[in-house]
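Student: Can you read through this structure? Questions will come right after.
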Amino acid sequence: MQFATAPAAHLTNSCNRQSFSISSASAMAEILSGSWPAVKALVAGFLLTLAQLTLAVSLLAPEGPLSYRYSTLIQHDSYWFANIVDSGFQTIVPPISHKVMEVSNVAFFPAYPAIAGLVRKCFQLQTGNALLVTAQAAAWGFWTYFFLFCERWNLSLSLRFFGALSVLAHPAAFFLVAAYSESLFLMALVGFIYWSSAEGRAAKISPRSRSCAKFLLTAGARCATCAPGGASTALRFF
188 MQFATAPAAH LTNSCNRQSF SISSASAMAE ILSGSWPAVK ALVAGFLLTL
238 AQLTLAVSLL APEGPLSYRY STLIQHDSYW FANIVDSGFQ TIVPPISHKV
288 MEVSNVAFFP AYPAIAGLVR KCFQLQTGNA LLVTAQAAAW GFWTYFFLFC
338 ERWNLSLSLR FFGALSVLAH PAAFFLVAAY SESLFLMALV GFIYWSSAEG
388 RAAKISPRSR SCAKFLLTAG ARCATCAPGG ASTALRFF
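Per our numbering: the sequence shown = residues 188 to 425.
Written out as C-alpha cells, the structure is:
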C-alpha cells in the first residue's frame with residue numbers, strides 16, 4: 188500500500204507568520220492611534236505651561252538674576268504653605284481671631300503642601316522650589332486636560348488657540364504657575380469632569396462605583412485648595 192505525500196505547498200505550520208505580522212501591525216497602529224491624542228495634549232500642555240512660566244518670569248518678575256526672578260513667584264499664601272511643609276499644621280485651642288503663622292496655620296487644605304513636601308523629599312529641593320515645581324506640574328496637568336477636552340470635542344485649531352488664549356489672558360492665570368494651590372485644584376476638578384464623562388471602558392463601570400470614584404476625586408480636589416466653595420461645584424456631577 189502506498190501513501191501519497193502531501194505537497195510541499197500544503198505543509199502545515201503552527202505559526203502563521205504572515206497573518207501574525209499583519210495582526211501585530213494593526214494592533215500596534217490601533218494602540219498608537221489611541222494614545223496619539225493624549226501625547227499631543229501632553230506636549231501642548233507642556234509648551235503652554237512653559238510659555239506661561241516664561242512670561243511670568245520675564246515680564247512680571249522684578250529685575251534681577253533668573254533664579255531671583257523665579258523665586259518671586261513665591262508670594263503671600265505661599266509662605267503659609269511653606270510653613271506647613273516645614274512645620275506641619277499647628278494651632279492652639281481656642282484659636283486666635285487674627286493670623287499669626289507661628290501660632291495657627293490650619294486655614295489651608297493639606298493636599299498641596301503634602302505633595303510639595305513629598306517632592307521636596309524626593310528631589311532634595313528647597314521648600315519654595317518644591318512648592319513652585321508642584322504648582323507648575325499641576326498647571327501642566329490642567330492644560331493637558333484642557334487639550335484633551337479639545338480633542339474629545341473635535342475643536343478646530345483656531346478655537347483651541349483662542350480658547351487657550353482667553354485663559355492665559357485672564358489676570359488670575361498668573362496663579363497657575365505661582366506657588367499657590369489653584370493649579371492643583373483646577374487639575375483635579377477638570378480631571379474629575381473629564382473622567383466622569385468619559386465613554387468606553389469608563390462607561391462600563393457600575394453607577395455605584397462611579398459615584399464612589401466621583402466622591403473620592405471631589406474630596407481630593409477639595410483638599411487641594413483653600414477655597415472650599417470652588418470644590419463644591421464638583422458635587423453637581425453626582
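Every residue, glycine too, gets a C-beta built ideally from N, C-alpha and C.
Reducing DSSP to helix, strand and coil, say where M374 ends up.
Tutor: helix
Student: Report the three-state DSSP secondary structure of K227 (helix, strand or coil).
Tutor: helix
Student: So the candidates are I302, L335, A322, T241; which of them puts its Cα closest to the Cα of V377?
Tutor: L335
Student: Just checking, does the region 229-236 make contact with the region 322-332 on the three C-beta pairs under 8 Å criterion?
Tutor: yes
Student: Determine the direct distance from the alpha carbon of F361 to that of A303, and round the result to whole angstroms.
Tutor: 19 Å
Student: Quick check: F268 and P297, are their CB atoms within less than 7 Å of each other?
Tutor: no
Student: DSSP on F296, reduced to helix/strand/coil?
Tutor: coil
Student: Classify A324 as helix, strand or coil using the three-state DSSP reduction.
Tutor: helix
Student: Under three-state DSSP, which class holds T259?
Tutor: coil
Student: Could you give the C-beta distance for L260 and A365, rounded to a whole number, given that I count them as a contact under 8 Å?
Tutor: Contact holds; Cβ gap of about 5 Å.
Student: Report the residue from K286, S345, V290 whose alpha carbon sits nearest the alpha carbon of I279.
Tutor: V290
Student: Note down the Cα distance separating K227 from M374, rounded to an integer number of angstroms.
Tutor: 17 Å
Student: Would you kindly report the start and end of the unbroken alpha helix (DSSP H) that includes I271?
Tutor: 264-274
Student: Please work out which residues of its chain come closer than 8 Å, Cβ to Cβ, to F295, disregarding the five sequence neighbours upstream and downstream, and give them in chain order.
Tutor: D264, W267, F268, I271, S368, C413
Student: On the three-pair Cβ rule with 8 Å, is the region 313-328 touching the region 246-261?
Tutor: yes
Student: Tell me which residues share the same chain as A325 and place their Cβ nearer than 7 Å to its Cβ, disregarding the 5 neighbours each side in the sequence.
Tutor: S370, L371, M374
Student: Can you tell me whether V306 is buried or exposed? The criterion is at least 16 other CB atoms within 10 Å of its CB, across all chains shown.
Tutor: buried
Student: Let me know if N341 comes out buried or exposed under the rule of 16 or more other beta-carbons within 10 Å of its beta-carbon.
Tutor: Its Cβ having fewer than 16 others within 10 Å, N341 is exposed.
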